[in-house]
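Residue numbers (the numbering used here): 32 to 611.
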């Protein structure tokens, strides 16, 4: 049975999730992704690639490939969430240290706050269009000073913001219910919009027949690869955020099969389908309205009044709602909890996220399509790629998927490193980010020109950061000896030898304990050798003798020799985490 964790590192919202609270099946995980994928930014992703000169098929292929690539770290980082029931900020403690984990967590949270603001603005815009349709443009008016948007837009933005807070206030389980209900409705509405465009335009229009600008004789002949690779990086960067904090959701999955299959079904397939819907419908708008309309909120406003438009705008609001709450509230809320578990709850963390999302003036952030894709998406992927590389190398290559669960919640446990920070992770992260800084500054307009080398590196920002940080971390941990087996440093009582299914009790306070049933160990995990048990036995003997007032000296080794010999003849049972 685990001993009492430090109150400064835990509370009810970030403690391991017990079996009794794991309700997420394959359909739940797939529905989560459908709910997150069906949103305005996804609809417009392929559009941005076509504007860069790609044909529709090249654009759709780029979107699909990017999501197949990001699915790999998504599934890998989801593994510890399901196995140990821990969220992303707690997982980060294993590689970054109990306090160093704040670094990747806060970086991820800030990106999420930016996305929260963007999605809230999009959802508010859908409500604004809906009300304008119902009241014949009654919400239009002059822009307000400072804000740069009119009163109606401000009201709808804050209204959508408030609706999200009501749902989040009910907790994570309400998010699962929302995603499950929204997923089939959103797919149906997407297909309905596709059918409307096809019938109205008597086909999908000329855009789908438009050749690539990179073909011989085209406007950008021979430049395909110079556009393809940064575009692919942007597609990976789109969900690079969730590839880090996916344990926040997989910790509620029943088994590894549920999280792996659910994500594989929900992410790349839905992204590809919805990107195609965006391209096909936009192509039809050239025939219907005489110009391409990439923004679905604008398109629905141009469709005129009627019940169908009202339903469509309502669907758009639901799509944005389901994406924003799951993708951009859960992660930063858990991060803020991790910073101060005794003061911050999930609800309070969500409120902080919502406040920051408003403060960034999100409508300013997405004014430029080029800035949105090549500065925002690729820029933050240069930060998140290295974090993902460190997490995966630490968990799979160094620790072989075995974590000291109790140690993750202890100030002076095996993940303290130096004052709670792991210097190797910090150095690896900084060195992996540095090569991308010149390219980012050029993309952001801060520098007019940098060398071709830095431009090319920035083109592959996520891949460069992920690979370089992972390699540096692996070498650094090997050289410093920081990659010792977690079991060897397990405190007394960490590994029980009672049964194949044990209960782990997490003391959260004098009157609060949580029993976490732990299932059979992952077959890929190695079995503890006898030396791990004998070390625990010896340590237990020392502490017992000290409490009894006996001297701790040679007698300890003599008294524990028998225990060590006895333990060495037994096949030890490890504390077994949740698995299939």
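Cβ atoms here follow ideal geometry from the backbone N, Cα and C, with glycine treated the same way.
{"Check": "May I ask you to report which of helix, strand or coil DSSP gives residue 474?", "Outcome": "helix"}
{"Check": "Quick one: residues in its chain with C-beta nearer than 8 Å to the C-beta of residue 196, no 5 flanking neighbours on either side, listed in chain order?", "Outcome": "381, 382, 385"}
{"Check": "If you pair each beta-carbon of the segment 89 to 103 with each one of the segment 299 to 313, do three or more pairs fall below 8 Å?", "Outcome": "yes"}
{"Check": "Thinking C-alpha only, which one of 321, 266, 153 is nearest residue 190?", "Outcome": "153"}
{"Check": "May I ask you to report which of helix, strand or coil DSSP gives residue 46?", "Outcome": "coil"}
{"Check": "Would you mind giving the Cβ-Cβ distance between residue 356 and residue 105, rounded to the nearest angstrom? I have them listed as a contact below 8 Å.", "Outcome": "With 8 Å as the limit, residue 356 and residue 105 do not qualify as a contact, their Cβ atoms being about 19 Å apart."}
{"Check": "So, is residue 321 buried or exposed, given that buried needs 16 or more other C-beta atoms within 10 angstroms?", "Outcome": "exposed"}
{"Check": "How about the segment 414 to 429 and the segment 498 to 505: do they share at least three Cβ pairs that are nearer than 8 Å?", "Outcome": "yes"}
{"Check": "DSSP puts residue 55 in a beta bridge; with which residues?", "Outcome": "284"}
{"Check": "Checking the sheet assignment: what are the DSSP bridge partners for residue 181?", "Outcome": "174"}
{"Check": "By DSSP, does residue 39 sit in helix, in strand, or in coil?", "Outcome": "helix"}
{"Check": "Between residue 298 and residue 68, how many whole angstroms is the CB-CB distance? I'm expecting something under 8 Å.", "Outcome": "7 Å"}
{"Check": "Please report how far the alpha carbon of residue 279 lies from the alpha carbon of residue 209, in whole angstroms.", "Outcome": "17 Å"}
{"Check": "Drop a sphere of 10 angstroms on the beta-carbon of residue 184, count the other beta-carbons inside from all chains shown, and report buried for 16 or more, exposed for fewer.", "Outcome": "buried"}
{"Check": "Under a three-way DSSP split, which group does residue 452 fall into?", "Outcome": "strand"}
{"Check": "Restricting to runs no shorter than 4 residues, where is the alpha helix (DSSP H) found entirely within the segment 300 to 374?", "Outcome": "327 to 333, 338 to 359, 361 to 370"}
{"Check": "Residue 496 and residue 453 look like a contact to me (Cβ under 8 Å); what is the Cβ gap, rounded to whole Å?", "Outcome": "Not quite, the Cβ-Cβ distance comes to about 18 Å (not below 8 Å), so this is no contact."}
{"Check": "Take residue 476 and list the residues in its own chain whose beta-carbon comes closer than 6 Å to its own, dropping the five residues that flank it on each side.", "Outcome": "none"}
{"Check": "Find out if the Cβ-Cβ distance for the pair residue 486, residue 284 is shorter than 8 Å.", "Outcome": "no"}
{"Check": "Can you say whether residue 256 is buried or exposed, counting buried as having 16 or more other CB atoms within 10 angstroms of its CB?", "Outcome": "exposed"}
{"Check": "Does residue 50 pass the burial test, meaning 16 or more other C-beta atoms within 10 Å, or should it be called exposed?", "Outcome": "exposed"}
{"Check": "State the DSSP-derived secondary structure class of residue 202, mapped to helix, strand or coil.", "Outcome": "coil"}
{"Check": "Around the Cβ of residue 215, are there at least 16 other Cβ atoms within 10 angstroms (buried) or fewer (exposed)?", "Outcome": "exposed"}
{"Check": "Under 8 Å by Cβ, that's how I've got residue 157 and residue 344 pegged, so tell me the actual separation to the nearest angstrom.", "Outcome": "5 Å"}
{"Check": "Quick one: what does DSSP say residue 481 is sitting in, helix, strand or coil?", "Outcome": "coil"}
{"Check": "Give the single residue among 426, 309, 435 whose Cα lies nearest to the Cα of residue 47.", "Outcome": "435"}
{"Check": "Work out the CA separation of residue 248 and residue 147 for me, nearest whole Å.", "Outcome": "43 Å"}
{"Check": "Which of helix, strand or coil does DSSP assign to residue 229?", "Outcome": "helix"}
{"Check": "Would you report the Cα separation of residue 76 and residue 259, rounded to the nearest angstrom?", "Outcome": "13 Å"}
{"Check": "Figure out for me which residue from 413, 494, 207, 202 has the closest Cα to the Cα of residue 461.", "Outcome": "413"}
{"Check": "List the whole-angstrom C-beta distance separating residue 85 from residue 314, where the pair is believed to meet the contact cut-off of C-beta under 8 Å.", "Outcome": "Their Cβ separation, rounded to whole angstroms, is 13 Å, which puts residue 85 and residue 314 out of contact at 8 Å."}
{"Check": "Rounding to the nearest angstrom, what Cα-Cα distance links residue 135 and residue 229 in this structure?", "Outcome": "46 Å"}
{"Check": "Under the three-state reduction of DSSP, which class applies to residue 270: helix, strand or coil?", "Outcome": "coil"}
{"Check": "Is residue 349 closer than 8 Å to residue 217 when the C-beta atoms are compared?", "Outcome": "yes"}
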